[in-house]
Amino acid sequence: MGALQCRRGRTPLRRPRLLAASRRRVGVQPSAEPAHAPIHQSLVSRLVGVRTGAPLYGLSHRAGLSHGQSLGSASLRSHLRSQPFVCTTLRAAEPRTHHLSVGPERYPHRASRESRGLPAGHRQQHHDAPCQVAECEDPRGRNPPLHASWSDAAPRDAGGHESSELPHRLEARLRGHWSDPRCLGALPATRAPAVLHPRRVDLLHRHAAVLVPPGLTLNLKLEPGRLLRRYKRFLADVELADGRVVQAHCPNTGSMKTLLDLPRRAWVEHRPSPQRKLHWTLVLLETARGGWALVDTSRPNAVVQEGVLRGVVPQLVPASPIVRERGPEGVKKRFDLFFADESGRRVWVEIKNVTMDSSLRKGRSDFPDSVTQRGREHLELLTQLARAGDRAVQFFLLSRTDCDAVGLARDIDPAYAAALEDAQAGGVEVLAHRLVIDPRRLLLGEAVPIEH
DNA sequence: AATAAAGCTCGGGATTGATG
DNA sequence: CATCAATCCCGAGCTTTATT
């Protein structure tokens, strides 16, 4: 329950009675809604959150929260990301006309449009937009199938020009997704409530989401290079294919043992941004035997969460939203995933990225790659939780393509190895799955054996 | 005008080990 | 033992916008 904290100082919220009221106001007849209506609001917003990881534009209060709950946008995003919906089919629907009317004529006391450099007389009228419909199902069958539809047209201003209110980052997102043949569709979100407000249920079919097949949110946009140097924890020099040497961010502060005989082939991601000092990120490194290893430690948690939602891990079947980075009450430590299973037991999952060549045999990858006091403490806490009746899971993600088993690096950290054995004896479940490194994306693969 | 709810910005925590 | 390195993520606090 900790995930859904009430926002400070807010009065409890009234659930808006949306559908009938706003239809009446805007003059849209229910019968005018095509076959895929009605769209259940809370389900639509879950849908929005699930596959995208995208910002939720204007939908968050429909998160299916109970009366009186309100979330900050950040925790809401993670709440929605964890909902288990998968988009299965896509078909086209009829174009429709959207009637919108906003602007300073109605709200003359608002000066903000000018302050943002928007035209003062802005008035959004209407436009016809081709729509598409997605049919979605809950892979666990707990929720009825969904239909959602959207248009890919940008909002228009009075002159019929694309509204300047469509944020550039959204445009970029849409361009990227629409150009991907595997993309089932994208709902063009607009961040401007003036254009698209959640209470306008008649506009629900324009609502924003990017509906993508499993794993696409774990997209990779990689360029080949050679890792020349790794230094100061976060930095790496990478030579690109054209000979340029760039400074890249190394998102792995660990030892990366067995992966740092240099130079070696690498894949880097180019993500320029004013927020970033380094526009390149080191993601994959070639292993000694020509496989690939994921060294970007920001990705494994998302991979495992996505896989769990798709049902890849039979032991882990969430019956509640998955919460990231949460710890038990009164404990400073956090676990990577937390949810309730179908019997209502609390499940804590700690994920470890396993990339080190085993010193014992080829084809095996061992953990840890350096002494890890933190990891041991996590194990001890997991053991306590298991003894107290919760489910506690140590999940090893085998993040290299040339291995088929994970093991313990007893020689590197005997205390950790002992702690893992204690944990297992104490009821901690130890699981290991392979990471599938597709050139375009990351996916959680099948289980692999754990050797002792 | 009052209120609900959205978006935005900012800053802190977390990550790890080398270095002074 | 504090500091530093780059990034991501989140929440707090604030602003903006729509609705009644």
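Residue numbering for the first sequence follows our numbering, starting at -19 and increasing by one per position. The C-beta atom is built at its ideal place from N, Cα and C for all residues, glycine as well.
| Check | Outcome |
| --- | --- |
| Please name the residue, chosen from P348, V248, A268, Q227, that lies closest to D382 on a Cα-to-Cα basis. | A268 |
| Under the assumption that D349 contacts G234 (Cβ atoms under 8 angstroms), give the Cβ distance between them as a whole number of angstroms. | 6 angstroms |
| Can you give the beta carbon distance from Q374 to V408, rounded, assuming they're within the 8 angstroms contact cut? | 6 angstroms |
| To test your reading of the DSSP string, which unbroken alpha helix (DSSP H) runs of 4 or more residues are found completely within the segment 267 to 314? | 280 to 290 |
| With three or more beta-carbon pairs closer than 8 angstroms as the criterion, would you say the segment 327 to 334 touches the segment 208 to 220? | no |
| From what residue to what residue does the alpha helix (DSSP H) around L365 run? | 353 to 367 |
| Hey, quick one: how far does the beta strand (DSSP E) through H422 stretch, first residue to last? | The displayed chain sequence assigns Leu, not His, to residue 422. From DSSP, the beta strand (DSSP E) with L422 extends over 422 to 427. |
| Could you compute how far the alpha carbon of E431 sits from the alpha carbon of V386? | 6 angstroms |
| Could you tell me whether the segment 335 to 346 touches the segment 285 to 294, using the rule of 3 or more Cβ pairs below 8 angstroms? | no |
| Since I believe A389 is in contact with D321 (beta carbons under 8 angstroms), could you give me their beta-carbon distance rounded to a whole number of angstroms? | Between A389 and D321 the Cβ distance is about 31 angstroms, and since that is not below 8 angstroms, they are no contact. |
| Would you say the beta carbon of R390 is closer than 6 angstroms to some non-hydrogen atom of the ligand SAM? | This structure does not include the ligand SAM; it has no bound ligands of any sort. |
| Under the assumption that V284 contacts L377 (Cβ atoms under 8 angstroms), give the Cβ distance between them as a whole number of angstroms. | 6 angstroms |
| What does a CB cutoff of less than 6 angstroms around R153 pick up in its chain, not counting 5 residues either side in sequence? | At R153 the pLDDT is 33, less than 50, meaning the model places this residue with poor confidence and gives no usable figure here. |
| If distances are taken between C-alpha atoms only, which option among V410, D391, R371, L415 comes closest to S339? | D391 |
| With distances taken between CB atoms, is the gap from R306 to R314 smaller than 7 angstroms? | yes |
| So does the segment 244 to 262 actually touch the segment 394 to 409, counting three or more Cβ pairs closer than 8 angstroms? | no |
| Relative to the C-alpha of L423, which candidate in R367, P394, L274, A368 has its C-alpha closest? | L274 |
| Mind checking whether L317 and E249 have CB atoms under 7 angstroms apart? | no |
| Grouping DSSP H, G and I as helix and E and B as strand, with all else coil, what is A389? | coil |
| Which two residues bound the contiguous alpha helix (DSSP H) that contains D402? | 394 to 405 |
| Which residue from A403, G406, Q364, R414 puts its Cα closest to that of R380? | R414 |
| Measuring CA to CA, which of R420, P298, P243 is closest to S323? | P298 |
| Counting only the same chain and skipping the five closest in sequence on each side, list residues whose C-beta sits under 7 angstroms from that of D384. | G343, V428 |
| Keeping to the same chain, check which residues put their C-beta closer than 7 angstroms to that of L258; ignore five residues upstream and five downstream. | Q227, A228, H229 |
| Quick check on the DSSP output: the beta strand (DSSP E) that includes H250 runs from which residue to which? | 244 to 250 |
| Rounded C-beta distance between L239 and R209? I'm assuming under 8 angstroms. | No, L239 and R209 are not in contact; Cβ-Cβ is about 14 angstroms, not under 8 angstroms. |
| In the structure shown, what three-state DSSP assignment does H413 receive? | strand |
| Using the Cβ count rule (16 or more neighbours within 10 Å means buried), how would you classify E309? | exposed |
| Which partner residues of D321 appear in the DSSP bridge assignment? | P298 |
| Output the boundary residues of the beta strand (DSSP E) element that contains H229. | 225 to 229 |
| Could you compute how far the alpha carbon of K312 sits from the alpha carbon of D402? | 22 angstroms |
| If you draw a straight line from the C-alpha of H47 to the C-alpha of L296, how long is it? | With a pLDDT of only 19 at H47, under the threshold of 50, the placement of this residue in the model should not be trusted; the figure read from the coordinates follows. Whole-angstrom Cα-Cα distance: 29 angstroms. |
| When DSSP labels each residue in this structure, what does G343 get in the three-state scheme? | coil |
| Between which two residues does the beta strand (DSSP E) carrying K332 extend? | 326 to 334 |
| What does a CB cutoff of less than 7 angstroms around E426 pick up in its chain, not counting 5 residues either side in sequence? | H413, R414 |
| Between which two residues does the beta strand (DSSP E) containing R209 stretch? | 202 to 211 |
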